[in-house]
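The end of the sequence shown is residue 249 by UniProt numbering, with every number in the run present. For glycine and all other residues, C-beta sits at the position ideal for the given N, C-alpha and C.
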Amino acid sequence: MASNNQQPSIVIRQIGRGPYAPSLTPFAVKLETYMRMAKLQYTNSHRRKRSKKGKVPFIEFNGQEVNDSSLIIEFLNEKLNIDLNSHLTPSERGIARAFQKMAEENLYWCVVLHRWIYDNRDWIMKLVGVPKIMAWLPVRLVKKQTEAQGIGRHSYEEMVRIEEGDLRAMSEFLDTKPFFFGDNPCETDCALFGQLSQLRWQLPGTKGEYFVNEKYTNLRDYCDRMKTTFWPDWDDCITHGGKVKKPKS
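Shown next as structure tokens:
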């Protein structure tokens with residue numbers, strides 16, 4: 001929580017609402033969930049405008065641009081004296097960081113490959129308005145990015161094994177707990193929920209969706225719990241597959 005009653009101006013710049021989750025980028029879901037968990041007042045600006053570093057989402061804090069969801073959270077924690085991990089032990093903080101890095105730097109790229117290369121290409125192209133004649137452009141970019149990261153060099157079957165390994169680890173650690181570290185949510189829950197929200201709601205017909213919704217069902221229940229706890233207005237913040245043209249910002 002902020003240490004005083006003066007509310008700063010926080011504007012989240014992001015790409016627009018998603019069809020079945022509040023954004024197609026897990027990092028925007030992460031950031032907005034953090035804002036809600038920390039009880040910060042903020043507004044959204046939904047334009048396809050990138051930051052000076054070419055990143056999205058980013059924020060403007062009293063007019064100051066801050067980039068990268070993790071660096072934004074660090075910035076706000078310091079500026080506003082917020083610590084959503086205050087109930088964690090030093091050991092738990094280390095584990096939390098490791099799970100977050102696994103989700104955001106490994107599992108995330110599986111989501112990208114499902115969406116743009118293997119399974120959902122036609123669906124996502126139509127959803128974001130990419131003409132068929134131009135479809136090769138984002139595909140080429142994603143291939144280049146995932147090959148540079150490393151996971152794009154694997155076969156589909158190998159990628160799925162990597163993905164399932166990450167999800168199995170998350171499921172086994174979560175076990176029957178309400179949140180990843182017990183009865184109270186923490187900052188890492190925002191990051192993990194951001195990634196899992198895509199698998200839970202926005203990767204139709206993929207192995208990733210199957211793993212979360214049917215095989216490791218405690219992850220499905222966890223997503224629903226996070227949604228209920230921090231997004232009571234969820235249905236107002238999605239386009240319902242494009243049927244709602246102006247969802248809540």
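When the options are compared against residue i, the one with the closest alpha-carbon
i	options	result
threonine 188	Gly150, Met170, Pro204, Arg200	Met170
tyrosine 108	Lys30, Ile73, Leu84, Asp233	Lys30
alanine 191	His46, Ile12, Met35, His87	Met35
lysine 143	Trp116, Glu157, Asp122, Gly165	Trp116
arginine 220	Lys177, Asp233, Cys237	Lys177
serine 23	Glu158, Trp201, Asn213	Trp201
leucine 199	Asp233, Asp183, Glu163, Gly63	Glu163
aspartate 175	Phe75, Leu88, Asn218, His87	Asn218
glycine 205	Pro90, Leu71, Asp122	Asp122
Nearest-angstrom beta carbon gap, residue j and residue i [assumed within contact, 8 Å]
i	j	result
alanine 98	phenylalanine 181	That belief does not hold up - the Cβ atoms of alanine 98 and phenylalanine 181 are roughly 13 Å apart, past 8 Å.
methionine 37	phenylalanine 230	6 Å
leucine 141	phenylalanine 211	Rounded, the Cβ-Cβ distance is 26 Å, inconsistent with contact.
residue 252	glycine 194	Outside the shown range of the chain, which is 1 to 249, sits residue 252, and nothing can be said about it.
tyrosine 118	tyrosine 156	6 Å
asparagine 106	arginine 93	Not confirmed; about 20 Å, so no contact.
Other residues of its chain near residue i: CB distance less than 8 Å, five sequence neighbours each side excluded
i	result
glutamine 41	Gln7, Ile10
serine 51	Arg13, Phe58, Glu65, Asn67
aspartate 236	Pro247, Lys248
aspartate 83	Asn77
glycine 63	Ser9
glutamate 209	Leu199, Arg200, Leu203
Under 8 Å between C-beta atoms of residue i and residue j
i	j	result
glutamine 14	valine 56	yes
valine 160	lysine 207	yes
proline 247	arginine 17	yes
histidine 46	serine 197	no
lysine 245	tryptophan 234	no
Distance cut-off 7 Å: residue i Cβ against heavy atoms of the ligand ATP
i	result
arginine 115	This structure simply doesn't include the ligand ATP, nor any ligand for that matter.
CB contact check: residue i to chain B, cutoff 8 Å
i	result
phenylalanine 58	No chain B is present in this structure, which holds just one protein chain.
Close Cβ partners of residue i (< 7 Å) along its chain, the five nearest in sequence each way excluded
i	result
glutamate 104	Ala191, Gln195
Flag this pair as touching only if the segment 230 to 241 and the segment 140 to 151 have three or more C-beta atom pairs under 8 Å; answer yes or no. no
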